[in-house]
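Engineer:
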Amino acid sequence: MTSSSRSYSDRTLKILWGRSAGRCAVATCRVDVIIDATEHDPMVLIGDIAHVSGASDRGPRATSSMTKKERDEYENLIVLCKNCHTRLDGQKKTNTVEMIQKMKEEHEAWVRRSLPERGLSTTGWPLLALSGVQRINVQDAITALSPDFPNGKPVCFDVVSTKGWNNIEAELRSLVNSLFGDSDRFEFRLAVFPLAPVSSCIMLGYFLTNRPRVKLFQYHRDEQSWTWPDVPCPANELTEEGFPQDESKNDGDIAIKFELSAIVRDDAVADVAAPQATIGVSIPDPTTAWLKHPGQLVALGQLARSVFEKCLRTFPHAKIWHVFYAGPAPGAVLIGQQINPTMSPKIQLYEYQQGRTPAYQASVLLE
1 MTSSSRSYSD RTLKILWGRS AGRCAVATCR VDVIIDATEH DPMVLIGDIA
51 HVSGASDRGP RATSSMTKKE RDEYENLIVL CKNCHTRLDG QKKTNTVEMI
101 QKMKEEHEAW VRRSLPERGL STTGWPLLAL SGVQRINVQD AITALSPDFP
151 NGKPVCFDVV STKGWNNIEA ELRSLVNSLF GDSDRFEFRL AVFPLAPVSS
201 CIMLGYFLTN RPRVKLFQYH RDEQSWTWPD VPCPANELTE EGFPQDESKN
251 DGDIAIKFEL SAIVRDDAVA DVAAPQATIG VSIPDPTTAW LKHPGQLVAL
301 GQLARSVFEK CLRTFPHAKI WHVFYAGPAP GAVLIGQQIN PTMSPKIQLY
351 EYQQGRTPAY QASVLLE
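Counting from 1, position 15 in the sequence shown corresponds to residue 15 in my numbering; the numbering is continuous, with no gaps.
(1) Return helix, strand or coil for Ser344, following the three-state DSSP convention.
(2) Would Ala191 and Lys153 qualify as a contact pair, given that the criterion is a beta-carbon distance under 8 Å?
(3) Considering only residues of the segment 95-144, which uninterrupted beta strand (DSSP E) runs meet the minimum length of 3 residues and lie entirely inside it, listed in chain order?
(4) Between the C-alpha atoms of Met378 and Val155, what's the straight-line distance to the nearest angstrom?
(5) Could you work out which residue in Val176, Ala332, Leu300 is closest to Val97 when comparing CA atoms only?
(6) Figure out for me which residue from Ile263, Phe157, Val138, Glu309 has the closest Cα to the Cα of Phe149.
(7) Anyone know if the C-beta pair for Asp32 and Gly22 falls short of 8 Å?
(8) Is any beta-carbon of chain C found at less than 8 Å from that of Ala25?
(9) Please list, in chain order, all residues of the same chain as Ala25 whose beta carbon is under 7 Å from its beta carbon, the five residues on each side excluded.
(10) Quick test of your reading: His322 and Asp253, contact by CB under 8 Å. State the CB separation rounded to the nearest angstrom.
(11) Is Pro294 helix, strand or coil when you go by DSSP?
(12) With distances taken between CB atoms, is the gap from Leu13 to Ser199 smaller than 8 Å?
(13) Note down the Cα distance separating Pro358 from Glu187, rounded to an integer number of angstroms.
(14) When you compare each of Asp246, Ser161, Pro126, Gly132 to Leu145 by their alpha carbons, which one comes out closest?
(15) Distance, Cα to Cα, Pro42 vs Lys82?
(16) For Thr314, which of helix, strand or coil comes out of DSSP?
(17) Classify Asp89 as helix, strand or coil using the three-state DSSP reduction.
(18) Going by DSSP, what residue range makes up the alpha helix (DSSP H) through Ser363?
(19) Could you check if His317 is buried or exposed, using at least 16 other CB atoms within 10 Å of its CB as the buried criterion?
(20) Between Glu351 and Gln361, is the Cβ-Cβ spacing less than 8 Å?
(21) Helix, strand or coil: how does DSSP classify Phe243 here?
(22) Would you mind sorting Pro47 into buried or exposed? The rule is 16 or more other CB atoms within 10 Å of its CB.
(23) Please report how far the alpha carbon of Pro341 lies from the alpha carbon of Leu172, in whole angstroms.
(24) Please report the distance separating the alpha-carbon of Asn236 from that of Gln218.
(25) Opposite Lys257 in the DSSP bridges: which residues?
(26) Tell me, to the nearest whole angstrom, how far the beta carbon of Pro368 is from that of Leu130; I am working on the premise that it is less than 8 Å.
(27) How is the alpha helix (DSSP H) around Lys69 delimited, first residue to last?
(28) Kindly list the residues whose CB is nearer than 6 Å to the CB of Cys201, restricted to its own chain and excluding five residues on each side of it in sequence; keep chain order.
See the structure below:
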């Protein structure tokens with residue numbers, strides 16, 4: 001789960017130690033793992049940088065689809081005292097990836113609430129509001145970003161007023177490039193508030209890639225707020241289905257359905273595509289109330305990346321992937337980030353409209 005000899009970037013270490021306040025992330029412990037230097041002795045570290053998902057394929061809770069770089073990034077690291085570290089590694093069936101990720105998030109939230117002088121970022125976040133029919137109140141977004149803060153003037157991209165999907169694709173790609181500027185994409189970070197058509201959200205994630213650090217927010221309609229509810233992360237109920245046992249030699253297209261807020265009907269898919277196979281990512285009872293916690297996005301991103309990589313292995317000759325997404329906007333951005341633009345075939349995106357024939361209409365072909 002950890003290795004003292006691993007090389008972490010200075011940025012990763014700065015964020016990890018700052019947001020943990022140098023304390024064990026286990027709520028019943030929270031011991032300070034840094035013993036300050038004295039006049040006669042140096043500082044002593046009595047804690048570890050541990051991995052949420054295993055440091056290697058042989059480690060506890062290993063995720064084979066993760067690269068070495070992803071394993072050693074801030075998102076997959078947690079600060080623990082040596083006792084708690086040993087306990088979590090020794091009881092790996094009880095202490096799942098989701099549980100430890102939730103523990104980390106709750107500890108950092110505690111740091112922000114209880115130690116206001118610690119755990120705060122010293123650098124602002126560029127803020128992007130991606131809007132559709134409903135406009136986004138930027139001040140509400142800034143409030144949700146707190147205790148972090150915007151870096152520069154928030155950027156607003158209005159999908160509805162940008163006529164035609166070809167124009168939307170070109171302008172969104174240009175916007176992402178301008179946001180990056182001359183920055184190192186691995187060092188860049190962005191706070192995204194999406195409330196726009198699915199295709200534009202997936203495109204945004206696709207253009208961003210999974211290199212920068214992206215903080216995603218969900219608009220909670222009942223509360224009319226972008227602030228995440230103060231609730232525990234729900235259990236992970238995401239599943240995948242539809243993969244054959246053997247590699248396909250067929251060069252036919254495949255369909256990939258994401259059913260989080262609604263069912264994607266097979267007959268509606270058949271109206272616009274003739275896939276050799278349909279892969280599904282779903283929860284038992286899709287509902288618009290599914291997304292309540294950012295930890296659910298972490299699980300969705302991991303599964304989506306695994307599914308896309310499995311599609312490449314299982315259907316290596318497929319010419320086009322038809323992606324049908326029914327879910328929250330930030331999930332669409334995240335899924336777009338998991339698509340590898342250098343490895344994947346063409347990706348056909350769709351927009352759904354009830355009562356239209358066909359219900360799905362092709363929007364953008366990513367290539």
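Positions of the beta carbon are idealized from the N, C-alpha and C atoms, including for glycine.
Here the structure is a predicted model, which means the values were calculated and not measured.
Structural biologist: According to the structure data:
(1) coil
(2) no
(3) Correct list: 127-131.
(4) No information on residue 378 is available, as it lies outside the stretch 1 to 367 that the chain covers here.
(5) Leu300
(6) Val138
(7) yes
(8) Here chain C cannot be found, since the structure has a single protein chain.
(9) Ile78, Val79, Leu80, Met103, Lys104, His107
(10) Contact flag correct, Cβ pair sits at about 6 Å.
(11) helix
(12) Cβ distance not < 8 Å, so Leu13 and Ser199 don't count as in contact.
(13) Distance between the alpha carbons of Pro358 and Glu187: 43 Å.
(14) The shortest Cα separation from Leu145 among Asp246, Ser161, Pro126, Gly132 belongs to Pro126.
(15) 19 Å
(16) helix
(17) helix
(18) DSSP places Ser363 in no alpha helix (DSSP H) but in the uninterrupted beta strand (DSSP E) bounded by 360-366.
(19) exposed
(20) Yes, Cβ-Cβ distance for Glu351 and Gln361 is below 8 Å.
(21) coil
(22) Residue 47 is actually Gly in this sequence, not Pro. Buried: at least 16 other Cβ atoms inside 10 Å.
(23) 16 Å
(24) 18 Å
(25) Gly280, Phe324
(26) Here the chain covers residues 1 to 367 and nothing more, so residue 368 does not appear.
(27) From DSSP, the alpha helix (DSSP H) with Lys69 extends over 68-71.
(28) Pro194, Ala329, Ala332, Val333
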